[in-house]
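S.K.: For the protein sequence lines, the chains are R and P, in the order given. To convert, note that position 116 of the first sequence is 1246 in my numbering; the numbers rise steadily by one, no gaps. To convert, note that position 33 of the second sequence is 1163 in my numbering; the numbers rise steadily by one, no gaps.
There are 2 protein chains.
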Amino acid sequence: MSQTTIALADDHVLLRSGLANLLRDLGYEVSLEASNGAELLQRLDGKNLPAIVLMDINMPVMDGYDATQILKQQFPAVRVIALSMYDDENAIIRMLRCGARGYILKDSDPGELKAAIQAVLTKGFYHSEMVTGKLIHTINHLDAPSNASVRELMGLNDREIEFLKLACSEMTYREIAEKMNLSPRTIDGYRDALFDKLQVKSRVGLVLFAIKNGVMRSE
Amino acid sequence: MSQTTIALADDHVLLRSGLANLLRDLGYEVSLEASNGAELLQRLDGKNLPAIVLMDINMPVMDGYDATQILKQQFPAVRVIALSMYDDENAIIRMLRCGARGYILKDSDPGELKAAIQAVLTKGFYHSEMVTGKLIHTINHLDAPSNASVRELMGLNDREIEFLKLACSEMTYREIAEKMNLSPRTIDGYRDALFDKLQVKSRVGLVLFAIKNGVMRSE
DNA sequence: AATCCATACCGTGTTTTCACCTTTTTAAAA
DNA sequence: TTTTAAAAAGGTGAAAACACGGTATGGATT
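1) Which word fits N1151/P, buried or exposed, when buried means at least 16 other C-beta atoms lie within 10 angstroms of its C-beta?
2) Whole-angstrom Cβ separation of L1170/P and A1137/P, contact assumed at under 8 Å?
3) Going by Cα to Cα distance, which pick from D1155/P, D1196/P, L1201/P, Y1158/P is closest to R1173/P?
4) Quick check: is the beta carbon of L1265/P nearer than 7 Å to any beta carbon in chain R?
5) Starting from I1136/P, follow its DSSP beta bridges and name the residues at the other end.
6) Quick one: give me the first and last residue of the beta strand (DSSP E) that S1147/R is part of.
7) Is there at least one Cβ from chain P nearer than 7 Å to T1134/R's Cβ?
8) Leaving out five residues before and five after R1209/R in sequence, what residues of the same chain have Cβ atoms less than 6 Å from its Cβ?
9) Can you tell me whether DSSP reads L1235/R as helix, strand or coil?
10) In chain P, what lies closer than 8 Å to V1334/R by C-beta?
11) So which residues on chain R does H1257/P lean against when the C-beta distance must stay under 7 Å?
12) Helix, strand or coil for L1265/R? Go by DSSP, reduced to three states.
13) Would you please state the rounded distance, in angstroms, between the beta carbons of I1266/P and H1257/R? I believe it to be under 8 Å.
14) When the Cα atoms are used, what is the spatial distance from E1349/R to M1192/R?
15) Below 8 Å on the Cβ atoms is my contact criterion, and I expect F1339/P with Y1320/P to pass it. Report the Cβ-Cβ distance as a whole number of Å.
16) How is P1312/P classed by DSSP in three states: helix, strand or coil?
17) Does the beta carbon of I1234/R sit closer than 7 Å to a beta carbon anywhere in chain P?
18) Of all Cβ atoms in chain R, is any one closer than 7 Å to the Cβ of I1306/P?
19) Is it right to say L1117/P is buried, meaning 16 or more other beta carbons lie within 10 angstroms of its own, or is it exposed?
20) Out of Q1133/R, A1164/R, D1155/R, which one is the CA nearest neighbour of L1144/R?
21) DSSP state of E1349/P, grouped into three classes?
22) At a Cβ threshold of 7 Å, is I1341/P touching chain R?
23) Per DSSP, which residues does S1214/R bridge with? Please list them.
24) With burial defined as no fewer than 16 other Cβ atoms inside 10 Å of the residue's Cβ, what is the status of E1290/R: buried or exposed?
25) Pull the bridge partners of Y1256/R from the DSSP assignment, please.
26) What's the gap between the Cα of T1316/R and the Cα of E1308/R?
27) Give a yes or no on whether the C-beta atoms belonging to G1167/P and D1196/P are separated by under 7 Å.
28) Please list the partners that I1345/P has in chain R, where partner means a Cβ-to-Cβ separation under 9 Å.
29) Closest by CA to D1175/R, which one among Q1204/R, G1344/R, L1328/R?
30) Using the C-alpha atoms, what's the distance from L1312/P back to L1312/R?
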């Protein structure tokens, strides 16, 4: 069985060389070293593709996100493992969305690097506990705040929340008034109260607030 | 150190009893067995709370989703591990969103059950490879339609998409015109064109469309 | 050169939205 | 019963949004 080939994309020369050495020690073949995403893509010629790319995120010219995305659609067989300095939640999610199969920190120990590579080769992905934890956190906290919390946080009452929901539609205030069995003037009052409470100054502001806070999702 | 107490909620008597036995064999104390979510909540009295609840999802009267959600806000200290027959992606996500700290299948082996319990006790969560895989899949595929698809589907051009993004703010059209270096009249034109293309009839409609189609999320 | 087409732009008029300030109604509290 | 507070409703005027029917300009196309 032939050796697993790996490509590197990282703008820090020393880190890149060190990493290449380490990978060779681990028994892999480093077939390509690029200093940014654009160079990597340009030097991949379609044949002799690496099995895996270790991709830095922050790189000049073209960063890891874009490079991964393009790589994924151009050469779907090549699997990307993101390589980053920080365990930033957004970075992780974003790289995964771009198609990365794994995400490891630059200060991981060689054992983890090898584990990641092997997992990606055999199972198709590698996700450390750190990544999983962040993922769960995102799933849970990206969850829009409930109506209850909106009520409490912003001091909105049932009627105002009902109005807010209706404001997130193409109805005019007059039509909303009808639907709520109130005078248009009363609706004016609700609107002004919400403008004040939510610190917005237009109906679009109301809609954006409602969306951001998950006021809509109830029905 | 006192024994870890665990509560069970499952409508299948046999499975429940078997599970209780197994847990006792593993060294845990089973303090409560309920046949559905409502019964569980009703029999938790605030003191003598279990450290962990093994929660079935499909139960009569009140299912695992609602029970977990209520439990979470009523007794945040109690940690829920979901227990399910199927590795259904939506079920997993939904239970995690409801506040479950772990998700294991009913046909897992006792070792995994114990691992899950210990992980939840010590780290606060347990997520098997199966769960992580599903999560990644969701993150990648639940992805909102891209700008590209909006462009294609609705026939919007770059400038229109740029306008659409700005329309999702509290700026007036006049201000948007300034920011885009165009006359307010031109903006009128963009608006009218979008109203037509997107089949909406107000600025709120534009905002709702943009949100629904993920036009915003780019920056 | 004439035509087409897309983009940018203009005029006018109506409706809706927003701001500010006042009054009536209702229901609970003193 | 009077007081008080909140909800509902109103008047007015200015700004913004919307509708409709046009014009000007600069490429491509023929």
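Glycine included, each C-beta is placed from N, C-alpha and C at the ideal position. Predicted model only: the values in this text are computed from it and were never measured.
M.R.: With the structure as the only source:
1) exposed
2) 7 Å
3) L1201/P
4) True, the Cβ-Cβ gap to chain R drops below 7 Å.
5) V1160/P, I1182/P
6) No beta strand (DSSP E) contains S1147/R, which is instead part of the alpha helix (DSSP H) from 1143-1155.
7) By this cut-off, T1134/R is not an interface position.
8) I1182, R1231, V1250
9) DSSP, read as helix, strand or coil, puts L1235/R in strand.
10) Correct list: A1297, C1298, S1299, E1300, R1333, V1334, V1337.
11) T1262, I1266
12) helix
13) 7 Å
14) Annotation note: pLDDT 41 at E1349/R (below 50); position unreliable, coordinate value reported separately. So the alpha carbons of these two residues sit roughly 43 Å apart.
15) Rounded, the Cβ-Cβ distance is 14 Å, inconsistent with contact.
16) Residue identity differs from the one stated: residue 1312/P is Leu in this sequence, not Pro. Residue state, collapsed to three classes: coil.
17) no
18) no
19) Look at the range of chain P in this structure, 1131 to 1349, and you will see that residue 1117/P is not part of it.
20) Selected option, being the one with the closest Cα: A1164/R.
21) Because E1349/P sits at a pLDDT of 43, beneath the cut-off of 50, its placement in the model cannot be relied upon, and the following sentence gives the value as read from the coordinates. E1349/P falls in the coil class under three-state DSSP.
22) yes
23) L1235/R
24) buried
25) As computed with DSSP, Y1256/R is found in a beta bridge with G1232/R.
26) 11 Å
27) yes
28) The sequence shown places Val at residue 1345/P, rather than the Ile named in the question. Those do not exist, as V1345/P stays about 12 Å from chain R at its closest Cβ, beyond 9 Å.
29) Q1204/R
30) The straight-line gap from Cα to Cα measures roughly 41 Å.
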